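A short worksheet on the structure shown next.
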Amino acid sequence: MNAKRKQIIEAAHQLFVDKGFALTSIQDILDKAGIAKGTFYNYFNSKNECLRAILAFVSEEVDQKRRELAIGKEVDSEEVFVRQMAVRMNMNKQHHIFAVFETVSFSDDVELKAFMKKQHHTELQWISKRLGCLYPPKARPYTLEHAVMLVGIAHHLMHVWKLGSNKDISTEKVIQYALTRVKSMIKEQIENEKPFLPENWLDITNDGDTTDLKKEVIAQLNRLSNKINEKGFSKQQDYIQFLLSELQSDNPRTFLIESVLMSFEQAFEQTELEHEASHIVKMAWKIM
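Under the UniProt record's numbering, the residue at position 45 of the sequence shown is numbered 45, and the numbers go up by one with no gaps.
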């Protein structure tokens, strides 16, 4: 991320936590970041856009940490899933995201509300998809409502724990307990119940065809390859060619692709193509 953009985001983030979103002015952000008004508007059109950038930045950190935890691990590893889910809860706590959410809950900004709603949907979609990897195939129709229950149980357990104790409790421990409780319902539900929420309630598909997505990843890698040919990025080009070779292979080596994706993304950090490379990595992980 551009250093100046990051400076503005960090200043605004701290102000939104300390003063609240509504009470923070553009001038407050300028003073906190030590920048001129023109500099702010070079990166953001409004305070709301700055907030969306903060939330997107945290989500990108969560995605990256989750990808790192998955490298070389089995997709049905319950331990990995628990640690991945804990990443979001821990990051929300670290960045005071709930405090920020509370300050904007009464905002009239339609675009901001839509952005926050999409983030919530995306998290439920991710949890639902990951539960589909842990559960037996017959349980797939229940993964969405189990994602909802898992999030609700984990959050409320954490909240009530804090009401009765000053000691911290491991986020992973809470999630594991909640997951065990939710999983215990599966057998009976499969035998006796229809899902309360249809599987496609949030347009979630757990086992959709990834062929088109794979083609898009390959197409974007080729476009990126053409761009960097003009810039002489030899190291990045090596990563691209390796990924193209593996993705188009009859037997792609997933463990190698996962490892190279990390190096590929890091190789584009602090370059003008960083965002494009990061987007490709996110898509590629969906077909792993």
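Note that beta-carbon positions come from the ideal geometry of N, C-alpha and C, so glycine has one too. All of these numbers come straight from a predicted model, not from anything done at the bench.
Inter-residue Cα distance where the pair is residue i and residue j
i    : j    : result
I127 : E193 : 21 Å
V110 : M116 : 10 Å
N172 : K227 : Looking at the sequence shown, residue 172 is not Asn but Glu. So the two alpha carbons sit approximately 42 Å from each other.
R140 : R130 : 10 Å
N42  : S77  : 45 Å
M149 : D31  : 43 Å
A86  : I35  : 36 Å
K183 : I169 : 22 Å
H13  : A53  : 10 Å
K65  : Q84  : 8 Å
M262 : E269 : 11 Å
E258 : G72  : 7 Å
G152 : H121 : 14 Å
H279 : I8   : 23 Å
I29  : L15  : 7 Å
N2   : E61  : 15 Å
D108 : L197 : 29 Å
N92  : L51  : 14 Å
F98  : S249 : 44 Å
K187 : L179 : 14 Å
S25  : K6   : 18 Å
Q27  : T271 : 30 Å
H156 : A267 : 40 Å
K138 : V80  : 22 Å
N200 : Q220 : 28 Å
K231 : L163 : 57 Å
N222 : E276 : 12 Å
Beta-carbon proximity check, residue i vs residue j, cutoff 8 Å
i           : j    : result
K286        : L213 : yes
H96         : V217 : no
Y239        : F255 : no
S46         : Q119 : no
L112        : N48  : yes
residue 305 : L244 : In the structure as shown, the chain starts at 1 and stops at 288, and residue 305 therefore has no counterpart that could be examined.
V75         : F21  : no
Sequence-distant residues of its chain with Cβ nearer than 6 Å to residue i (five each side left out)
i    : result
L247 : I218
W161 : I169
M89  : T171
F44  : C50
Neighbourhood of residue i by C-beta, 7 Å cutoff - its chain only, sequence neighbours within 5 removed
i    : result
P195 : P141, Y142 and E145
L67  : Here residue 67 is Arg; the residue named in the question, Leu, does not match the sequence. The answer, listed in chain order, is W285.
D63  : K282
R253 : E246
R181 : I153
A147 : L124, I127, S128 and L131
Integer-rounded CB distance, given that residue j should sit under 8 Å from residue i
i    : j    : result
L124 : L202 : 6 Å
A11  : A33  : 4 Å
V82  : Q236 : Rounded, the Cβ-Cβ distance is 34 Å, inconsistent with contact.
M158 : V174 : 6 Å
Cutoff 8 Å: residue i Cβ touching any chain B Cβ
i    : result
N166 : Judged by its chain identifiers, the structure shown contains no chain B, having just a single protein chain.
Sequence-distant residues of its chain with Cβ nearer than 8 Å to residue i (five each side left out)
i    : result
V229 : A quick correction: the sequence has Asn, not Val, at residue 229. Only Q237 meet the Cβ criterion.
K19  : D28
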